[in-house]
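S.K.:
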Amino acid sequence: MASTTIPANQAPVEPKLNYLNNGHTIKSWLLTTDHKRIAMLYLVSVSAFFFLGGFFAMLIRLELLTPEGDLLAADTYNKVFTMHGIVMVFFFLVPVVPAILGNFLVPLMVGAKDLAFPRINLLSWYLYVIGGILFLHCMLNGGVDTGWTFYTPYSTSASNTNVVEAGLAIFIAGFSSIFTGLNFIVTVHRMRAPGLTWDRLPLFVWANYATSVVMILGTPVIAITMVLVIAERTLHLGIFDPRLGGDPVLFQHLFWFYSHPAVYIMILPSMGVISELIACFSRKRVFGYKFVALSSVAIAVFGFLVWAHHLFVAGISLYSAMVFSFLSFVVGVPSAVKVFNWTATLYKGSVSFATPMLYAFGFIGLFTIGGLTGLILATIGIDVHVTDTYFVVAHFHYVMVGGVLMGYLGGLHFWWPKITGRMYPEHWAKLSALFVFVGFNLTFFPQFILGYVGMPRRYWQYPPEFQVLNVLSTAGASVLAVGYLLPMIYLLWSLKYGPLAGDNPWGAAGLEWQTSSPPPTFNFDETPVVTWEAYNYEDIPAPKELEAPVVT
Amino acid sequence: MEHATHGPELVHQFSDAQQQKNSASLGMWLFLVTEIMFFGGMFCAYLIYRISYFNAFAAGSQQLNIWMGGINTAVLIVSSVTVVLAVRAAQEGKRKLLVAYLVITILLGLTFLVIKGFEYKEKFEKHHVPGSTFNFTEKFDDNGKQIPVDSKNAELFFSLYFVMTGMHAIHMIIGCGLFTGLAILAWKGHYTSTYFTPIENGGLYWHLVDIIWIYLFPLLYLISRHS
Chain A
8 MASTTIPANQ
18 APVEPKLNYL
28 NNGHTIKSWL
38 LTTDHKRIAM
48 LYLVSVSAFF
58 FLGGFFAMLI
68 RLELLTPEGD
78 LLAADTYNKV
88 FTMHGIVMVF
98 FFLVPVVPAI
108 LGNFLVPLMV
118 GAKDLAFPRI
128 NLLSWYLYVI
138 GGILFLHCML
148 NGGVDTGWTF
158 YTPYSTSASN
168 TNVVEAGLAI
178 FIAGFSSIFT
188 GLNFIVTVHR
198 MRAPGLTWDR
208 LPLFVWANYA
218 TSVVMILGTP
228 VIAITMVLVI
238 AERTLHLGIF
248 DPRLGGDPVL
258 FQHLFWFYSH
268 PAVYIMILPS
278 MGVISELIAC
288 FSRKRVFGYK
298 FVALSSVAIA
308 VFGFLVWAHH
318 LFVAGISLYS
328 AMVFSFLSFV
338 VGVPSAVKVF
348 NWTATLYKGS
358 VSFATPMLYA
368 FGFIGLFTIG
378 GLTGLILATI
388 GIDVHVTDTY
398 FVVAHFHYVM
408 VGGVLMGYLG
418 GLHFWWPKIT
428 GRMYPEHWAK
438 LSALFVFVGF
448 NLTFFPQFIL
458 GYVGMPRRYW
468 QYPPEFQVLN
478 VLSTAGASVL
488 AVGYLLPMIY
498 LLWSLKYGPL
508 AGDNPWGAAG
518 LEWQTSSPPP
528 TFNFDETPVV
538 TWEAYNYEDI
548 PAPKELEAPV
558 VT
Chain B
3 MEHATHGPEL
13 VHQFSDAQQQ
23 KNSASLGMWL
33 FLVTEIMFFG
43 GMFCAYLIYR
53 ISYFNAFAAG
63 SQQLNIWMGG
73 INTAVLIVSS
83 VTVVLAVRAA
93 QEGKRKLLVA
103 YLVITILLGL
113 TFLVIKGFEY
123 KEKFEKHHVP
133 GSTFNFTEKF
143 DDNGKQIPVD
153 SKNAELFFSL
163 YFVMTGMHAI
173 HMIIGCGLFT
183 GLAILAWKGH
193 YTSTYFTPIE
203 NGGLYWHLVD
213 IIWIYLFPLL
223 YLISRHS
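In order, the protein sequences belong to chains A and B. Mapping of the first sequence onto this note's numbering: residues 8 to 559, in sequence order. Mapping of the second sequence onto this note's numbering: residues 3 to 229, in sequence order.
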């Protein structure tokens with residue numbers, strides 16, 4: 008078993024030629040077609056938007072520290088929560104895992120030299136940046152106050168803010184995500200290494216594949232919806248305008264036809280990350296591999312059939328409300344399949360508690376709470392009671408922040424040695440994982456209670472009896488902010504001072520660990536031939552201590 | 003520089019020309035799927051409102067110029083034929099014939115756009131363009147029986163008419179630009195009988211835009227016109 012182990016005293020060396028030192032000019036970055044470099048471009052730009060969205064979040068929490076509307080004016084508050092939502096949803100959560108980790112890892116994991124369409128990949132980053140800059144411009148010119156949902160007729164005829172520019176920014180950024188999805192699907196279909204059959208694919212690839220399907224089917228619908236809103240505002244067409252017989256509820260249908268599946272665009276790639284982490288740090292094949300793989304596809308399919316549960320109070324018929332309520336429960340099944348199979352993987356595994364695994368545990372717990380409260384909201388009677396309250400806010404933050412961000416940070420730490428060739432400082436990382444978990448729960452758990460007792464969302468002031476829970480939430484947000492700032496500092500630090508990681512510091516399965524860290528520009532010196540199942544951890548010796556870099 | 007070991011048209015990430023061709027086709031088909039979803043949102047809106055405001059939609063439909071719409075349909079069908087002939091010429095490696103068919107296709111596309119422009123002009127003159135000048139007094143002619151309709155709902159019909167045909171026209175303009183690029187590259191001898199994937203993929207795009215019109219024409223101009 009230990010026959011492949013190289014003695015641990017042999018220090019890891021940095022590969023002479025890798026994707027990072029292949030060209031140092033700005034041009035070599037901005038015109039690169041290397042998927043790994045494009046992933047780094049995304050890492051920088053998406054992180055910038057994350058901190059911008061976080062800044063708006065802090066403004067919201069500071070305003071809600073006191074019952075009076077004292078920090079922000081009412082209409083400023085409306086703009087702040089709108090821009091928090093737009094930045095976080097369209098410019099952070101949707102691209103974060105697929106465009107950064109997916110871009111970097113999908114070609115490596117399938118044993119390819121690059122994505123199928125490297126230039127379209129670069130184009131997708133430029134579209135993201137153009138959309139982002141347009142949104143920044145919109146923001147600096149007074150912003151937008153419709154809520155990230157752009158509900159009509161407010162967005163088409165009442166709001167006097169920059170709806171058109173914001174809509175255009177989302178339209179453009181949408182094409183960025185369409186091109187990413189298109190690239191992934193073709194890559195997974197056509198570029199797999201010899202022997203890498205569908206049932207040997209890493210679950211991260213399966214998850215990104217399912218995500219891509221949602222991206223290419225859903226995103227065009229939000230694009231046309233934004234076009235119709237823009238056309239209605241500028242050309243005075245009347246498609247959603249009740250004065251012309253248009254129907255504002257049609258907007259909600261079209262909007263949620265994308266925006267509900269968009270939740271799965273966000274969460275599925277993170278679920279893929281968690282599958283990789285659980286397998287590596289339990290040193291076991293994922294329990295029920297095929298079910299976990301196909302549950303991603305099932306989530307993608309059922310995810311398209313539940314959108315109208317956002318419309319239970321919008322005047323849809325009781326019959327369709329019941330159908331959508333039922334279907335929303337159904338989508339819980341494949342999600343539960345994943346959670347149960349991850350837990351079963353841990354059983355009798357050789358579990359270790361490195362930072363990525365801490366995030367994986369955080370994900371399982373928080374996603375479970377987020378998912379179960381989703382079932383509560385899918386129940387029509389309760390939904391009517393808590394619609395537009397902080398209960399809903401807490402629910403989707405548990406899924407999006409507790410789920411997506413936990414998966415992202417876990418994945419970022421796990422693959423950081425592969426991406427940069429350097430280890431991050433384990434103790435600081437564990438500390439920040441703790442900050443994130445505690446801070447997150449302190450921020451959002453009180454919001455469940457607040458919502459249940461009746462605090463509505465999107466108001467800048469509230470009755471004094473809600474203050475204690477709001478103070479807790481704001482305190483939690485501050486802890487959470489520290490948890491997010493710490494990784495930025497120590498990960499940047501590790502670029503220069505982190506110990507060299509070696510090719511496979513975790514003793515992990517997967518083709519990405521068989522090439523050097525950081526990988527060479529074309530990923531593999533020779534195209535790998537796969538003769539084993541995914542997660543063959545019984546064949547891979549575990550590193551002596553997972554915290555220290557070990558060469559295998 | 004990195005392509006030095008491959009043939010001129012094989013890019014580095016693929017191991018052989020077949021893989022490259024298959025990937026490009028799959029990518030194009032997936033892009034067409036996104037286009038169908040994009041137009042799907044508008045077709046969905048059209049179907050819902052047509053059911054809700056049948057008389058107004060029928061009255062609006064009767065005001066469309068069936069001759070211009072009909073000629074345009076014919077123009078597009080012929081252009082689809084010339085696209086197929088272009089692909090065939092590319093397969094056979096006939097460079098000049100390929101360029102000729104591409105140019106004919108572009109001209110047919112431009113013909114469509116010009117006729118469409120005259121149609122839009124007519125709408126402006128009849129005050130059938132949604133907005134403050136909109137004025138619709140025509141009735142729905144149901145086999146000689148004149149049924150008055152709500153002009154607001156007719157305005158909704160024309161909103162959809164302009165959005166759907168306008169979005170289609172934008173796709174036609176993009177198609178003409180795309181084909182101009184293809185024609186220039188074909189003239190320069192960029193495509194051979196073994197490598198003509200861009201011609202095929204461009205053709206797929208052109209066909210899709212045609213097919214969308216093939217649905218738009220009956221939905222907007224024909225159905226319930228003389229019911």
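The beta-carbon is built from N, C-alpha and C at its ideal position, and this holds for glycine as well. Just so it is clear, the structure is predicted and the values come from calculations on it, not from any experiment.
1. Just grab the DSSP bridge partners of residue 507 of chain A for me.
2. Going by DSSP, which residues form a beta bridge with residue 147 of chain B?
3. Any C-beta of chain B sitting closer than 7 Å to the C-beta of residue 252 of chain A?
4. Here's the rule: buried if 16 or more other CB atoms are within 10 angstroms of the residue's CB, otherwise exposed. What is residue 214 of chain A?
5. Would you mind giving the Cβ-Cβ distance between residue 151 of chain A and residue 170 of chain A, rounded to the nearest angstrom? I have them listed as a contact below 8 Å.
6. 7 Å is my cut-off, CB to CB: does residue 261 of chain B come that close to chain A?
7. Looking at C-alpha atoms only, which residue of B/52, B/53, B/77, B/59 is the closest neighbour of residue 174 of chain B?
8. Taking residue 120 of chain A as the query, report the chain B residues whose CB atoms sit under 7 Å from its CB, ordered along the chain.
9. Does any CB atom of chain A fall closer than 7 Å to the CB of residue 139 of chain B?
10. Start and end of the alpha helix (DSSP H) containing residue 84 of chain B?
11. Measure how close the beta-carbons of residue 435 of chain A and residue 366 of chain A come, nearest whole angstrom, since I'm counting them as under 8 Å.
12. I need the boundaries of the alpha helix (DSSP H) containing residue 348 of chain A, first residue and last residue.
13. Look up residue 102 of chain A in the DSSP assignment and say whether it is helix, strand or coil.
14. Measuring CB to CB, does residue 453 of chain A end up less than 7 Å from residue 396 of chain A?
15. Determine contact between the region 128–135 of chain A and the region 223–230 of chain A, defined as no fewer than three beta-carbon pairs at a distance below 8 Å.
16. Assuming residue 230 of chain A contacts residue 40 of chain B (C-beta within less than 8 Å), just tell me the rounded distance between them.
17. Among A/252, A/410, A/505, which has the Cα closest to the Cα of residue 378 of chain A?
18. Under 8 Å, with one C-beta from each stretch per pair, do the region 199–209 of chain B and the region 63–77 of chain B reach the 3-pair mark?
19. Starting from the N-terminal side, write out each stretch of the beta strand (DSSP E) that is 3 residues or longer and does not extend beyond the region 186–238 of chain A.
20. Out of A/527, A/549, A/550, which one is the CA nearest neighbour of residue 22 of chain A?
21. On the premise that residue 178 of chain A lies in contact with residue 234 of chain A, defined as a C-beta separation below 8 Å, what is that separation, rounded to the nearest angstrom?
22. Which residue or residues does DSSP assign as beta-bridge partners of residue 396 of chain A?
23. Tell me which same chain residues have a C-beta within less than 6 Å of the C-beta of residue 487 of chain A, skipping the five on either side of it?
24. Looking at chain A, which residues of the region 122–136 of chain B have a Cβ within less than 8 Å of any of its Cβ atoms?
25. Can you find a C-beta in chain B that's less than 7 Å from the C-beta of residue 246 of chain A?
26. Buried or exposed for residue 212 of chain B, please, with buried defined as at least 16 other CB atoms from any protein chain shown within 10 angstroms of its CB.
27. Anyone know if the C-beta pair for residue 51 of chain A and residue 113 of chain A falls short of 7 Å?
28. If you count every other CB in all the chains shown that lies within 10 Å of the CB of residue 539 of chain A, and 16 or more means buried, which is it?
29. Is DSSP giving residue 55 of chain B helix, strand or coil here?
30. Find the residues of chain B that neighbour residue 192 of chain A, judging by a C-beta separation of less than 7 Å, and give them in chain order.
31. How long is the line joining the alpha carbons of residue 219 of chain A and residue 150 of chain B, rounded to whole angstroms?
32. State buried or exposed for residue 41 of chain A, treating a residue as buried only when at least 16 other CB atoms are found within 10 Å of its CB.
33. Among residues of its own chain, excluding the 5 on either side of residue 157 of chain B, which ones have a beta-carbon nearer than 8 Å to its beta-carbon?
34. Alpha carbon to alpha carbon, what distance is there between residue 297 of chain A and residue 197 of chain B?
35. Is the beta carbon of residue 207 of chain A less than 7 Å from the beta carbon of residue 484 of chain A?
36. Below 8 Å, how does it come out for the region 274–287 of chain A and the region 178–185 of chain B: are there three or more Cβ pairs, yes or no?
M.R.: Reading off the structure:
1. A/429
2. B/144
3. So yes, residue 252 of chain A belongs to the interface.
4. buried
5. Between residue 170 of chain A and residue 151 of chain A the Cβ distance is about 6 Å, and since that is below 8 Å, they are a contact.
6. Any property of residue 261 of chain B remains undetermined from this structure, which presents chain B solely from 3 to 229.
7. B/77
8. 14, 15
9. no
10. 68–93
11. With 8 Å as the limit, residue 435 of chain A and residue 366 of chain A do not qualify as a contact, their Cβ atoms being about 14 Å apart.
12. Where residue 348 of chain A is concerned, the enclosing alpha helix (DSSP H) stretches over 325–353.
13. helix
14. no
15. no
16. About 6 Å separates the beta carbon of residue 230 of chain A from that of residue 40 of chain B, a gap short enough to meet the 8 Å contact definition.
17. Of the residues A/252, A/410, A/505, the one whose Cα lies closest to the Cα of residue 378 of chain A is A/410.
18. no
19. none
20. A/527
21. 7 Å
22. A/463
23. 446, 447, 450
24. 132, 133, 134
25. yes
26. buried
27. No.
28. exposed
29. coil
30. 32
31. A direct Cα-Cα distance of roughly 49 Å separates residue 219 of chain A from residue 150 of chain B.
32. Classification of residue 41 of chain A: buried, given that the 10 Å Cβ count is 16 or more.
33. 132, 136, 138
34. 39 Å
35. Not a contact, by the Cβ cut-off of 7 Å.
36. Counting Cβ pairs under 8 Å, fewer than three are found: no touch.
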